[in-house]
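Visitor:
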Amino acid sequence: MDVFRIQGGARLVGEVHVTGAKNSSLKLMAVALLAPGKTVIHAVPNILDVTIMAELLRRLGCSVTYSAETETVEIEVPETIEHRADYDLVRRMRASIAVLGPLVARTGAADVALPGGDAIGSRGLDMHTAGLERMGATVANEHGYLVVHAPDGGLIGTHVYLDFPSVGATETLLMAAVTANGVTVIDNAAREPEISDICNMLLAMGAQIDGVGTSLLTVTGVSSLRPVEHTTVSDRIVAGTWAVAAAITGGDITVRNANNEHLSIVLEKLITAGAEVEILSDGFRIQMNRRPTAVDVVTLPYPGFPTDLQPQFIALNSIAEGSAMVTENLFEARFRFVQELSRLGAEVRTDGHHALIRGRSQLSGAPVEATDIRAGAGLVLAGLVAEGETTVHAVEHIDRGYVGFEEQLSALGAIIVREPSPQIF
Ligand code: UD1
46 MDVFRIQGGA RLVGEVHVTG AKNSSLKLMA VALLAPGKTV IHAVPNILDV TIMAELLRRL
106 GCSVTYSAET ETVEIEVPET IEHRADYDLV RRMRASIAVL GPLVARTGAA DVALPGGDAI
166 GSRGLDMHTA GLERMGATVA NEHGYLVVHA PDGGLIGTHV YLDFPSVGAT ETLLMAAVTA
226 NGVTVIDNAA REPEISDICN MLLAMGAQID GVGTSLLTVT GVSSLRPVEH TTVSDRIVAG
286 TWAVAAAITG GDITVRNANN EHLSIVLEKL ITAGAEVEIL SDGFRIQMNR RPTAVDVVTL
346 PYPGFPTDLQ PQFIALNSIA EGSAMVTENL FEARFRFVQE LSRLGAEVRT DGHHALIRGR
406 SQLSGAPVEA TDIRAGAGLV LAGLVAEGET TVHAVEHIDR GYVGFEEQLS ALGAIIVREP
466 SPQIF
């Protein structure tokens, strides 16, 4: 376990290049299972979760190679695959659940361990399983595993209405539906750009999907899919984190390979906070020349404000002029990080889904602990502006979402180093 040791006060200036989205890459790797043969996926970030997903696919019978240099993963999928995802891998990465849909589609069965993952709320799987049941599958919870069986002859197309536009449930049902018998309609589907990315890869593989990018996906089952070469959509959460890094440090950062359309609401909020944003053909440049003004944020499914940028915006508000209300509608436990931020002197009161932040002119460096990926990013951003030294513990969480975060921050002028966690005993 490592820590980041940060000396606050540096203004971040320079250019960064955003890689492919973690939340897309992992699912695209699972999509590969749907077609025997060789799938090639580009812009796959060099993070632990990709290593875990690669191992999971290997255990299902695939051969997988990843090149960190080219950020490319090659997956050779055999004609016959296994259908069990073991607890030792699934517990380390909740996104392992992405194999559920493809396994049922390809083999007619899946034994997938119930996931653990980030400590950010209950994150049930009820919509995944209810949708599969609607498609004719039987689902049981046996010894910590979800045990799913498709009917003889395969899953059957149907109309599924999601109670909530869950990203994971939309993905599971989409991947299950592409080779099901007949037409599956996924109503109230999630519209995140990562879902459209999966749809685009599936379309290239020969799937029939109408309504890509909308909340009504109509999938007509096809008998088989072919492997393809695909490039992952840019990571809007990483791009958004760089944007906040510029705003919080009074910096000037050019963010390349970002899709501005996916960040409209985020950039708009930062403009309200006082930033100047210049739109470029391959991203944006963001400058902040004064103390930020506090901005209210309400997290919602896309195209609403992303929950994965909520901690970073609480960090920004903690040093802003004025007060702001941040409302979290997706993950109830995401405010756990506020306790850590308070150690830096931030004034935040939470009540249920709401956090009220009173901006202070200065935070004060202290040791803090990352509780999940985005909380970790929020704490690093706060540490960049806190007076004196901040040590962020449990940075393995941050490593799961940001490739070489401290190196990139250093290149922009931050004073940050990675060190092994001090041993007490
Ligand atoms: C994905 C992202 C995560 C992001 C989230 C929302 C990945 C690996 N993770 O998570 O970074 O924060 O989308 O944009 O892509 N829920 C249920 N029952 C279900 C499914 C979900 O109750 O069957 C609830 C969850 O507990 C949670 C909410 O719905 O409160 C949102 O979950 P979901 O949209 O499914 O997010 P994930 O796919 O887990």
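For what it's worth, our numbering labels the leading residue of the sequence shown as 46, then goes sequentially. Built from N, CA and C at the ideal position, the CB exists for glycine as well. In this text the structure is predicted, and so the values were computed from the model without any measurement.
(1) Let me check you understand the geometry: is the CB of residue 459 closer than 6 Å to at least one non-hydrogen atom of the ligand UD1?
(2) Assuming residue 127 contacts residue 105 under a Cβ cut-off of 8 Å, what Cβ separation, rounded to an integer in Å, is found between them?
(3) Closer than 6 Å to a non-hydrogen atom of the ligand MN - does that hold for the CB of residue 268?
(4) Inspect the CB distances between the stretch 173 to 192 and the stretch 210 to 217 and report whether three or more fall short of 8 Å.
(5) Please report the distance separating the alpha-carbon of residue 115 from that of residue 274.
(6) Return yes when at least one heavy atom of the ligand UD1 lies under 6 Å from the C-beta of residue 212, else no.
(7) Where does residue 369 sit, in a helix, a strand or coil, going by DSSP?
(8) Here's a check: name, in chain order, each residue in its chain whose Cβ is nearer than 8 Å to the Cβ of residue 316, leaving out the five neighbours to either side.
(9) In the DSSP assignment, what are the bridge partners of residue 305?
(10) Report the three-state DSSP secondary structure of residue 390 (helix, strand or coil).
(11) Using the C-alpha atoms, what's the distance from residue 237 back to residue 308?
(12) Name the DSSP beta bridge partners of residue 384, please?
(13) Going by DSSP in three states, residue 153 sits in which element: helix, strand or coil?
(14) Classify residue 138 as buried or exposed, calling it buried when 16 or more other Cβ atoms lie within 10 Å of its own Cβ.
(15) Does the distance between the C-beta of residue 352 and the nearest non-hydrogen atom of the ligand UD1 fall short of 6 Å?
(16) Taking the CB atoms as reference points, tell me whether residue 337 and residue 292 lie closer together than 7 Å.
(17) Is the stretch 392 to 401 close to the stretch 425 to 433, with three or more CB pairs under 8 Å?
(18) Can you tell me the Cβ-Cβ gap for residue 134 and residue 97, rounded? I've got them flagged as a contact below 8 Å.
(19) With distances taken Cα to Cα, identify the nearest neighbour of residue 466 among 460, 413, 457 and 417.
(20) Please specify which runs of the beta strand (DSSP E), each continuous and at least 3 residues long, are wholly inside the stretch 239 to 277, giving them in chain order.
(21) DSSP state of residue 459, grouped into three classes?
(22) Considering residue 403, what are the terminal residues of the beta strand (DSSP E) in which it resides?
(23) Enumerated in chain order, which unbroken segments of the beta strand (DSSP E) with a length of 3 residues or greater are wholly contained in the stretch 320 to 371?
(24) Looking at the structure shown, is residue 465 part of a helix, part of a strand, or coil, going by DSSP?
(25) Can you have a look at residue 407 and say buried or exposed, based on whether 16 or more other CB atoms are within 10 angstroms of its CB?
(26) Does the separation of the CB atoms of residue 120 and residue 77 fall below 7 Å?
(27) In chain order, which alpha helix (DSSP H) runs of at least 4 residues are fully inside the stretch 160 to 217?
(28) With distance defined between alpha-carbon atoms, name the residue in 53, 47 and 62 nearest to residue 279.
(29) Short of 6 Å in beta carbon distance, which residues of its chain neighbour residue 162, apart from the five on each side in sequence? Order them along the chain.
(30) Residues bridged to residue 226 by DSSP?
Guide: Checking against the coordinates, here is how it stands:
(1) As a position in the sequence shown, residue 459 is number 414, starting the count at 1. No, the ligand UD1 has no heavy atom inside 6 Å of this Cβ.
(2) Counting from one through the sequence shown, the residue named residue 127 turns up at place 82. Counting from one through the sequence shown, the residue named residue 105 turns up at place 60. Rounded, the Cβ-Cβ distance is 5 Å, consistent with contact.
(3) Inclusion of the ligand MN in the displayed structure is not the case, the ligand content consisting of the ligand UD1 alone.
(4) yes
(5) Here residue 115 refers to the residue found at position 70 of the sequence shown. Here residue 274 refers to the residue found at position 229 of the sequence shown. Each residue's Cα considered, the two are about 14 Å apart.
(6) In the sequence shown, residue 212 corresponds to position 167, counting from 1. Under cutoff, so the answer is yes.
(7) Taking the sequence shown and counting its residues from 1, the one referred to as residue 369 is at position 324. In this structure, residue 369 counts as strand in the three-state DSSP scheme.
(8) The count along the sequence shown starts at 1 and reaches residue 316 at position 271. So the list reads 322, once near-sequence residues are dropped.
(9) Start at 1 with the first residue of the sequence shown, and residue 305 comes out as number 260. Looking at the DSSP assignment, residue 305 forms no beta bridge with any residue, so it has no partner.
(10) Residue 390 sits at position 345 when you count from the first residue of the sequence shown. Residue 390: coil per DSSP, three-state reduction.
(11) In the sequence shown, residue 308 corresponds to position 263, counting from 1. In the sequence shown, residue 237 corresponds to position 192, counting from 1. Approximately 11 Å between the Cα atoms of the pair.
(12) Stepping through the sequence shown from its first residue, residue 384 is reached at position 339. DSSP output for residue 384 lists no bridge partner at all.
(13) On the sequence shown, residue 153 is found 108 positions in, with the first residue counted as 1. Note: residue 153 maps to coil in three-state DSSP.
(14) Taking the sequence shown and counting its residues from 1, one reaches residue 138 at position 93. Buried.
(15) As a working mapping, residue 352 is identified with position 307 in the sequence shown. Within the cutoff, so yes.
(16) As a working mapping, residue 337 is identified with position 292 in the sequence shown. As a working mapping, residue 292 is identified with position 247 in the sequence shown. Contact: yes.
(17) no
(18) Position 89 of the sequence shown holds residue 134. Position 52 of the sequence shown holds residue 97. 6 Å between Cβ atoms; contact.
(19) On the sequence shown, position 421 is the one that residue 466 refers to. It is 413.
(20) 253 to 255, 261 to 265 and 274 to 276
(21) Locating residue 459 in the sequence shown gives position 414, where the first residue counts as 1. In the three-state DSSP reduction, residue 459 falls in the coil class, being neither helix nor strand.
(22) Here residue 403 refers to the residue found at position 358 when the sequence shown is read from its first residue. That run of the beta strand (DSSP E) goes 399 to 403.
(23) 321 to 325 and 328 to 332
(24) Residue 465 sits at position 420 when you count from the first residue of the sequence shown. DSSP, reduced to helix, strand and coil, places residue 465 within a strand of the structure shown.
(25) Position 362 of the sequence shown holds residue 407. Looking at its Cβ environment, which holds fewer than 16 other Cβ atoms inside 10 Å, residue 407 is exposed.
(26) Mapped onto the sequence shown, residue 120 falls at position 75. Mapped onto the sequence shown, residue 77 falls at position 32. Against a cut-off of 7 Å, the Cβ pair of residue 77 and residue 120 comes out as a contact.
(27) 171 to 179
(28) If you number the sequence shown from 1, residue 279 lands on position 234. Closest by alpha carbon: 62.
(29) Sequence index remark: in the sequence shown, residue 162 carries index 117 (1-based). Because residue 162 carries a pLDDT of 49, less than 50, the predicted location of this residue cannot be relied on, and no value is offered for it.
(30) Translated into positions along the sequence shown, residue 226 becomes position 181. According to DSSP, which records beta bridges pairwise, residue 226 is partnered with 201.
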